[in-house]
Amino acid sequence: MVRVRFSIDGRGPFEGMMRFGTPGERGIEFIAIPARAEDFAGARTIRVMPEDADPFEAPVIRITTDGGQYDDAVGTMTGYVVFQA
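My numbering puts the first residue of the sequence shown at 1, with every later residue one more than the last.
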């Protein structure tokens, strides 16, 4: 896993951990970002800024939140975004 900062359709930056998935896909797991799932409805592009590599953009395949949970007490959600590699 690689630590990254990322933004989705210009919203962010947020922090997460990038993992390599199936061929052609990568994912970023995020914990407690200050956003709601509906903020990313229809998301199209992710900009990824790895710690030790050049930033890049990629098409979003899907965004999944852990059970659609939004923590109202602190205003954050947890989940992952999958994008085309």
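Note that the Cβ used here is the ideal one computed from N, Cα and C, for glycine as well. Please read all numbers here as calculations on a predicted model, not as lab measurements.
query, result
"For the beta strand (DSSP E) containing Thr76, list its first residue and its last residue.", "Thr76 to Gln84"
"Taking DSSP as the reference, what is the three-state secondary structure of Glu51?", "coil"
"In whole angstroms, what is the alpha-carbon distance linking Thr84 and Ala32?", "The sequence as given places Gln at residue 84; Thr does not occur at that position. Going by the C-alpha atoms only, they are around 23 angstroms apart."
"Compare the C-alpha of Gly75 against each of Ile46, Ser7 and Ala37 and name the closest.", "Ala37"
"Could you please give the first and the last residue of the uninterrupted beta strand (DSSP E) stretch that includes Pro13?", "Arg11 to Phe20"
"If Pro55 sits next to Val48, beta carbons under 8 angstroms apart, how far is it from one beta carbon to the other, in whole angstroms?", "6 angstroms"
"Return the first residue and the last residue of the beta strand (DSSP E) that Glu25 is part of.", "Glu25 to Ile33"
"With distances taken between CB atoms, is the gap from Glu51 to Arg3 smaller than 8 angstroms?", "yes"
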